[in-house]
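Beneath this line is the structure, given in structure tokens, with notes to follow.
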Amino acid sequence: MELEQEIEIGGSLAAVWEALNDPEVLQRSLPGCEAFDAVGENAYEIRMVVKVGPVKAKFAGEIELSDIEPLVSYTISGSGKGGVAGFASGSAAVKLTEIDPETTRLSYAVSAKVGGKLAQLGARLVDGAAKKMAADFFARFGDEINPPG
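So in the working numbering, the last spot in the sequence shown is 1171, and the numbers never skip.
This is the structure in structure tokens:
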């Protein structure tokens, strides 16, 4: 599965970059994330609950940040296993561009693979769930930087 998108976030380039590197912000932004624990420099163990169609599973896995260019870009890669539900792995190239001092464009390109029961659900269902998860993540992430209200 491949997915590319860009969004505008109400926040300075520095604020968005800082949030992208804050495990607590990432945990609160990631739908279903129960744990996001540092295990090394730019390496984390995560636990999350994922629902795709009729399949709901707890996943445990690892996330690593690489190709880091401060205030510009990084790659986030991860993999996880969800028991009988199967496995998922993928990466996202994330890039930031300043639009103005209070607005930042975040673009990302995701490549992901699933196996097991998840793969049997069909590409349309899995792609739809992945797009919804990405949209939910960035909506929450934007609220972390620029809280509504």
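Ideal placement from N, C-alpha and C gives every residue a C-beta, glycine not left out.
This one's a predicted model, so the numbers in the text were calculated from it and none came from an experiment.
Among the candidates the options, whose CA atom is the shortest distance from the CA of residue i?
i, options, result
"Lys-1139", "Lys-1073, Val-1132, Ser-1088", "Lys-1073"
"Ala-1036", "Phe-1109, Ser-1133, Glu-1124", "Glu-1124"
"Lys-1153", "Asn-1064, Leu-1128, Val-1132, Phe-1163", "Val-1132"
"Ala-1115", "Val-1106, Gly-1105, Gly-1100, Ala-1161", "Gly-1100"
"Val-1094", "Gly-1102, Tyr-1130, Gly-1150, Cys-1055", "Tyr-1130"
"Gly-1075", "Arg-1162, Gln-1142, Ala-1156", "Gln-1142"
"Ala-1161", "Ala-1145, Ser-1034, Arg-1050", "Arg-1050"
"Asn-1064", "Gly-1144, Val-1077, Thr-1097", "Thr-1097"
"Pro-1092", "Leu-1048, Ala-1060, Glu-1040", "Glu-1040"
"Ala-1060", "Glu-1046, Val-1071, Leu-1052", "Glu-1046"
"Tyr-1066", "Pro-1170, Ile-1085, Leu-1048, Gly-1054", "Ile-1085"
"Asn-1043", "Leu-1087, Pro-1169, Ala-1151", "Leu-1087"
"Gly-1089", "Ser-1113, Gly-1108, Val-1077", "Per the sequence shown, the amino acid found at residue 1089 is Asp instead of Gly. The shortest C-alpha separation from Asp-1089 is found at Ser-1113."
"Leu-1048", "Gln-1027, Pro-1170, Ile-1068", "Ile-1068"
Taking Cβ to Cβ, would you say residue i is nearer than 8 Å to residue j?
i, j, result
"Gly-1032", "Ile-1121", "no"
"Ser-1111", "Lys-1080", "no"
"Gly-1083", "Gly-1105", "no"
"Thr-1119", "Ser-1034", "no"
Residue i lies in the alpha helix (DSSP H); which residues open and close that run?
i, result
"Asp-1044", "Unbroken run through Asp-1044: none, as it is neither H nor E."
"Glu-1166", "1145-1167"
"Ala-1110", "No alpha helix (DSSP H) contains Ala-1110, which is instead part of the beta strand (DSSP E) from 1109-1122."
"Leu-1140", "1139-1142"
Where do the ends of the beta strand (DSSP E) carrying residue i lie?
i, result
"Val-1077", "1077-1091"
"Glu-1024", "1024-1032"
Please work out which residues of its chain come closer than 8 Å, Cβ to Cβ, to residue i, disregarding the five sequence neighbours upstream and downstream, and give them in chain order.
i, result
"Lys-1117", "Val-1094, Ser-1095, Leu-1128, Ser-1129, Tyr-1130"
"Leu-1147", "Val-1074, Gly-1075"
Please report the Cβ distance between residue i and residue j, rounded to the nearest whole angstrom; I am assuming they are in contact, meaning their Cβ atoms lie under 8 Å.
i, j, result
"Ala-1151", "Leu-1025", "That pair is no contact at about 11 Å."
In chain order, what residues of the same chain lie with their CB nearer than 7 Å to the CB of residue i, ignoring the 5 residues before and after it?
i, result
"Glu-1053", "The sequence shown places Pro at residue 1053, rather than the Glu named in the question. Taken in chain order, the residues that qualify are Met-1155, Asp-1158, Phe-1159."
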